[in-house]
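See below for the structure under consideration.
2 protein chains.
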Amino acid sequence: MTDPNTFDSHLSYALAAAHRSVSQALNARLKKHGIQIEAWRVMECLDIGQKQTMGTLAKRALINPPALSKLVDRMVSDGLVHRQISARDQRQINLLLTNLGRARMLQIREEVEDQDKVLTDLFDNQSGPLLIQLLTKLAQ
Amino acid sequence: MTDPNTFDSHLSYALAAAHRSVSQALNARLKKHGIQIEAWRVMECLDIGQKQTMGTLAKRALINPPALSKLVDRMVSDGLVHRQISARDQRQINLLLTNLGRARMLQIREEVEDQDKVLTDLFDNQSGPLLIQLLTKLAQ
DNA sequence: TGAAATTACTTTCCAAGTCAACTAAATTCG
DNA sequence: CGAATTTAGTTGACTTGGAAAGTAATTTCA
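Protein sequences, first through last, are from chains A and B.
To convert, count from 1 in the first sequence and add 6; that's my numbering.
To convert, count from 1 in the second sequence and add 6; that's my numbering.
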């Protein structure tokens, strides 16, 4: 056991600390674009596959359904996305990026890529991808 | 560039996904004890060093000062901690665990240790500590 | 010394998230 | 078929968090 008097060697603590630090930094950058991290994730998900349902989006963008509903309300009133009722299942919503939304996403993507580069530069060539791999395993 | 059409290879995404998954699992366990993750972190910090100020606690427990103030209000009314004005600086608060707080912390610690074991068992002997090391580096 | 600046913490106001209940559409199966 | 169940998404009541302002104690330095 390593240092029984501290709890910062716990995985859950180290993870929370890293997440806090990284999302604060990213948040500061996205503030310039007037957008939240979650909204950016939604837009990236939509760019990968248009017409996604709220359900699949909630999973991919790491947002609970009620929070996603409200976030999408705001994004609609900001003109970034619009809702379309699915033809095959009237309960489902297909969310679409507007032209404005797509343009904004591309700008923001640069900011995020830049931030990501700063982070991965903290590590050597093996460690960066390894960290992502370990995190991905943890996320299941 | 690896897989330009997905963003889940971004460190910030992998980190958010892992954090979400881990804190949801931990949260479910702590719910049985009627406590939030943040309150548990505060109690662990107090166990390491009693009489910590709100400022140092905020940093160690990864909580912004206003949120910590409010959390401590709730913990005081739950009888877990109590505030004591510092003798040497009347602006500072020294926070102390009550006997109830200490007892609850010890119960909860078991739950968290157990959860942490489940997580670290996902990895081989090198990877677990390595992950923590990489995360700690990221948190600075 | 004592006015100005800094530091420690809290409060207020508002934005955002959660849980549980709700609406409505689709599916199941007796 | 059609009543019962399941699924998709939203809403509402309530809780929590954040930014900025507020209070009060301490420190700085002219």
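Note that the Cβ used here is the ideal one computed from N, Cα and C, for glycine as well.
Quick caveat, the model's predicted, so the values are computed rather than measured.
(request) Leaving aside the five residues before and after Arg35(B) along the sequence, list all residues of the same chain whose C-beta is less than 6 Å from its C-beta, in chain order. (result) Position 29 of the second sequence holds residue 35(B). The answer, listed in chain order, is Glu117 and Gln121.
(request) Taking Leu103(A) as part of the alpha helix (DSSP H), name the residues at either end of that continuous run. (result) Taking the first sequence and counting its residues from 1, the one referred to as residue 103(A) is at position 97. Taken as a continuous stretch (DSSP letters only), Leu103(A) belongs to no alpha helix (DSSP H), being part of the beta strand (DSSP E) at Ile99 to Leu103.
(request) Spell out whether any CB of chain B is found under 9 Å from the CB atom of Arg47(A). (result) By one-based count along the first sequence, residue 47(A) stands at place 41. So, interface residue.
(message) My output table needs one value for Gln90(B): the three-state DSSP class, helix, strand or coil.
(response) Within the second sequence, numbered from 1, the residue matching residue 90(B) stands at position 84. Residue state, collapsed to three classes: strand.
(message) Please classify Ser83(B) as buried or exposed, where buried requires at least 16 other C-beta atoms within 10 Å of its C-beta.
(response) Position 77 of the second sequence, counting from 1, holds the residue named residue 83(B). Ser83(B) comes out exposed.
(message) Using 8 Å as the cut-off, can you tell me whether the stretch 42-59 of chain B makes contact with the stretch 101-110 of chain B, which would need three or more C-beta pairs spanning the two stretches below that distance?
(response) yes
(request) Closer than 7 Å by beta-carbon distance: list the chain A residues that pair up with Glu50(B), in chain order. (result) Your numbering for residue 50(B) matches position 44 in the second sequence. Result: Phe13.
(request) Could you please give the first and the last residue of the uninterrupted alpha helix (DSSP H) stretch that includes Thr62(A)? (result) Start at 1 with the first residue of the first sequence, and residue 62(A) comes out as number 56. Met60 to Arg66 is the span of the alpha helix (DSSP H), which, as asked, contains Thr62(A).
(request) Note down the Cα distance separating Gln139(B) from Leu77(A), rounded to an integer number of angstroms. (result) Your numbering for residue 139(B) matches position 133 in the second sequence. Your numbering for residue 77(A) matches position 71 in the first sequence. Taking the straight line from one Cα to the other gives about 35 Å.
(request) Can you tell me which of Thr12(B), Lys37(B), Lys57(B) and Ala64(B) puts its alpha carbon nearest to the alpha carbon of Arg26(A)? (result) Numbered from 1 along the first sequence, position 20 holds the residue referred to as residue 26(A). That would be Ala64(B), whose Cα lies nearest to the Cα of Arg26(A).
(request) From the DSSP output, in three-state form, read off Lys38(B) for me. (result) On the second sequence, position 32 is the one that residue 38(B) refers to. In the structure shown, Lys38(B) sits in coil (DSSP, three-state: anything other than H, G, I, E or B).
(request) From the DSSP output, in three-state form, read off Ser15(B) for me. (result) Locating residue 15(B) in the second sequence gives position 9, where the first residue counts as 1. Ser15(B): coil per DSSP, three-state reduction.
(message) Taking 9 Å as the threshold (beta carbon to beta carbon), is His39(A) in contact with chain B?
(response) Locating residue 39(A) in the first sequence gives position 33, counting from the first residue. So no, His39(A) is outside the interface.
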